[in-house]
Structure formats: C-alpha cells, structure tokens
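Single-structure report; data block below.
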Amino acid sequence: MTENSVTERNKELVLRGFTEFAAGNIEILRTLIREDFIEHSPGNPSGRDAFIEFIASSPVAKSRLDLKRVIAEDDHVVLHYRMMPPGSERGLAVVDVWRLVDGQIVEHWDVVQPVPEPAEIPNGMF
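Residue 125 is where the sequence shown ends in numbering that gives the first Met the number 0, and the numbering goes up by one at each step.
Quick look at the structure:
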C-alpha cells in the first residue's frame, strides 16, 4: 500500500468513526481502537475497554459534535471540532490526534479549550 493510500484509509476510518460516534454509536469504538490502545490525555485511561467505558460516561458522549476540519498525514489523523455539551452556551474547541497502525487506532492525544466570549476572539475560533 502506498503512503498516500494509507493516509486516505486512515482518514476514512477516523471520519467514519467520528460520524458514527457523533450519531450516538459508542460501540463503533470497539472496532476502531486496538486492545493495547495508549491514551496520552491526563486523567483518561489507556486500554481499549477502559477508554471506551470512560468515554461512554463522559460529557463527550452526550454532546453535539460539529466537525470543522480533518488533517491526515501517514499514520496520524487530526480532527478539529466544536463540542457542545447539553446546556453549554459556547461549548469547547477540541483537537484530537489519533495514530493508527494496520487500520486501528493505537494512540490518542487531545487539546480541549473552552470557547470564549466572541469579543475575545475577533477572528473566530474555528
């Protein structure tokens, strides 16, 4: 498989997973995440089952997710989106970085930032 086709396959896998997850299908994560998954975000557990259990009970599982952009290169796929938890006025800006091997997610990093008042971001958040 060429580098370009691996990048495209990884991008498609992560996009399909994001779309299904955003529609409420948490179980899609079982097929996408490898059992020995490594989580790099503070407070989030590593390991597929522990991570999925954590995510299923976290605010992201109940939030509206509005994807803004996708960047893919080799074995990494980056998603930038707005997360709107129930009752939130402005939500959160999220960047997820996923690393894939052989069609499954093996590592994850994220950056999460509250969306400030519009006056604080004259050029917009997204």
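Glycine included, every Cβ here is placed at the ideal spot set by N, Cα and C.
- Between the segment 27-34 and the segment 64-75, the count of C-beta pairs closer than 8 Å stays below three; the two stretches do not touch.
- In this structure, Gln103 is the residue among Gly123, Met124, Gln103 with its C-alpha nearest to the C-alpha of Gly16.
- In this chain, Ile37 is not harboured by any alpha helix (DSSP H); it is covered by the beta strand (DSSP E) spanning 32-38.
- Where Ile70 is concerned, the enclosing beta strand (DSSP E) starts and stops at 63-72.
- Bridge pairing for Pro113: Leu91 [DSSP].
- Looking at the backbone, the Cα of Thr6 and that of Glu106 are separated by about 16 Å.
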